[in-house]
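Undergrad: Numbering (UniProt numbering), first residue to last: 1 to 123. Using N, Cα and C, we set each Cβ at its ideal position, and we do this for glycine too.
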Amino acid sequence: SLIFQMARVQGKRYENVAHLGEGQFANVKQSEGSGVAIKKINLGSRAEAKDGVNRTALREMKLLLEIHHENIIGLRDVFGHKTNIQLVMHFMETDLEHVVKDRDIILLSQHVKNITLQTILGL
Numbered sequence: 001s002l003i004f005q006m007a008r009v010q011g012k013r014y015e016n017v018a019h020l021g022e023g024q025f026a027n028v029k030q031s032e033g034s035g036v037a038i039k040k041i042n043l044g045s046r047a048e049a050k051d052g053v054n055r056t057a058l059r060e061m062k063l064l065l066e067i068h069h070e071n072i073i074g075l076r077d078v079f080g081h082k083t084n085i086q087l088v089m090h091f092m093e094t095d096l097e098h099v100v101k102d103r104d105i106i107l108l109s110q111h112v113k114n115i116t117l118q119t120i121l122g123l
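Printed below as a string of structure tokens:
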């Protein structure tokens, strides 16, 4: 299956220390001292997808494995278990959504231009 083709055997371990957030299909935790965040995606039922994984999660994994660009978060490792898949990514202090929605952050026109340029370069 696609999941097991992507999974890699790793000798290193990551220690989860801080809960960063959660979405419809995943929980995200920060790993101590390693500069990574671990996104734990729960496997769905076999009826949900051929591989038992949500199609959106499969698409995300596939794209992150294929795309290497400084403006797109990097995927370091993929671990598979019976009940979940864990994506190990570079840790980011915040995300664009938080920056845009935070009323305490004042974005000047040069900030907006820079964010727009970085987004376009990432596409």
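#1: Quick check: is the beta carbon of His69 nearer than 7 Å to any beta carbon in chain E?
#2: Which two residues bound the contiguous beta strand (DSSP E) that contains His90?
#3: Skipping 5 residues on each side, what residues in its chain have a beta carbon closer than 6 Å to that of Val88?
#4: So, under 8 Å CB-CB, Asn84 and Leu43 are touching, yes? Tell me the CB distance rounded to an integer number of Å.
#5: Per DSSP, which one or two residues make a beta bridge with Ala37?
#6: So, with DSSP's three-state summary, where would you put Asn42?
#7: May I ask you to report which of helix, strand or coil DSSP gives Asp102?
TA: Let me lay it out:
#1: No chain E is present in this structure, which holds just one protein chain.
#2: 84-90
#3: Val36, Ile38, Arg76, Asp77
#4: 6 Å
#5: Gln30, Met89
#6: strand
#7: coil
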